[in-house]
Amino acid sequence: MTISALGAATAGSTGTRDGAALAADFDGFLKLLTTQLQTQDPLSPMDAEQFTNQLVQFAGVEQAIRTNSQLESLVSLMQLTQHTAALQYVGATVELDTARVHLPRGGEAGIAYTLGAPARAVAIEIVDAEGLVVRRLAGPAGEGPQQIGWNGVDDERRGRPAGTYEVRIEAVDAAGRPVPVHQTSTGVVDALLQTEDGLTLSIDGRSHPLDAVRAIRPSA
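The numbering used here puts the sequence shown at residues 7 to 226.
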């Protein structure tokens, strides 16, 4: 069970750089104003309106620094909350919106789909990375969610290597008409990862976005 802190660190470093830039501007403005007050002609002091405007700018820069710091803290808190909520996925079996399945080494690939109506027959084809159909299966034909496993053995009774495979599913009713099929796959979440695209789930060693999760089943 691991959670990558890359995203939090990146956000923190970005906020720190922005805060440092604002702080530098603030210090520079303060030095400039102080120098201006020290070197002004006592017989011709700075105009009150001009001085007031500079103080307003001074206060604006100070407020910007404080706001940036508060926003940085808020972002960090939101990221922590998101990571904590996502912990429920680790170790759980999830169902993903995808037409691909991962065959683990020595394990079984979980194929899931939903039929929009009862079917007479459901034909499943498993396709390798080269586009070759390596296994043909007959799936459950009842209306609603269905599941079937593939143990990695092809039509020639040979074991296929671990990896990702495409799944094609076609279903027809008693009259031979197509039945709507919504394809998914199942897998176990082994980690949470922070990537450039945001928080993702590592499922059987592959990264998937959170919004691809259709269902979650807690571990026993």
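A virtual CB, placed ideally from N, CA and C, is assigned to each residue, including glycine.
Quiz item: Between R166 and chain B, is there a C-beta pair that is closer than 8 Å?
Solution: Absence of chain B from the displayed structure is noted, only one protein chain being present.
Practice problem: State the Cα-Cα distance for the pair T8 and A177, rounded to the nearest angstrom. | Solution: Unreliable positioning characterises T8 in this predicted model, as indicated by a pLDDT of 39, which lies under 50. A coordinate reading is not provided.
Self-check item: Sequence-distant residues of its chain with Cβ nearer than 8 Å to L102 (five each side left out)
Solution: The residues are T190, S191, T192, G193, I209, H214, A218, V219, R220.
Quiz item: Which whole-angstrom value describes the C-beta separation of D160 and R141, a residue pair presumed to lie in contact below a C-beta threshold of 8 Å?
Solution: At roughly 5 Å, the Cβ-Cβ gap stays under 8 Å, so D160 and R141 are in contact.
Practice problem: Please go through the same chain and pick out, in chain order, the residues whose beta-carbon is closer than 6 Å to the beta-carbon of I222, but skip the five residues on each side of it. | Solution: Same-chain partners within the cutoff: A98, V100.
Quiz item: In whole angstroms, what separates the C-alpha of P167 from that of V133?
Solution: In a straight line, the C-alpha of P167 is about 12 Å away from that of V133.
Practice problem: Can you tell me which of the three DSSP states T104 falls into? | Solution: Coil, per DSSP.
Quiz prompt | Simplified DSSP assignment, three categories, for D196 | solution = In the three-state DSSP reduction, D196 falls in the strand class (E or B).
Self-check item: Beta-carbon proximity of A118 to Q94, cut-off 8 Å
Solution: No.
Quiz item: With T120 and P146 assumed to form a contact (beta carbons below 8 Å), what rounded beta-carbon distance in angstroms separates them?
Solution: About 11 Å separates the two Cβ atoms, so there is no contact after all.
Quiz item: Given V128, which residues of its chain have a CB within under 6 Å of its CB, disregarding the five upstream and five downstream residues?
Solution: G145, A147, A177.
Practice problem: Return helix, strand or coil for A118, following the three-state DSSP convention. | Solution: It is a strand residue.
Quiz prompt | Enclosing beta strand (DSSP E) for P215 [first to last residue] | solution = Counting along the chain, the unbroken beta strand (DSSP E) around P215 starts and ends at 212-215.
Quiz item: Hey, V96 and L205 are a contact pair by Cβ (cut 8 Å); roughly how many whole angstroms apart?
Solution: That pair is no contact at about 12 Å.
Quiz prompt | Rounded C-alpha distance that separates V195 from L207 | solution = So the alpha carbons of these two residues sit roughly 6 Å apart.
Practice problem: Use the C-beta contact count for V3: other C-beta atoms within 10 angstroms, 16 or more gives buried, fewer gives exposed. | Solution: With the chain covering 7 to 226 only, the question about residue 3 has no answer from this structure.
Quiz item: From which residue to which residue does the beta strand (DSSP E) around E131 run?
Solution: Residues 127-133.
Quiz prompt | Unbroken beta strand (DSSP E) run spanning G155, endpoints | solution = From DSSP, the beta strand (DSSP E) with G155 extends over 150-156.
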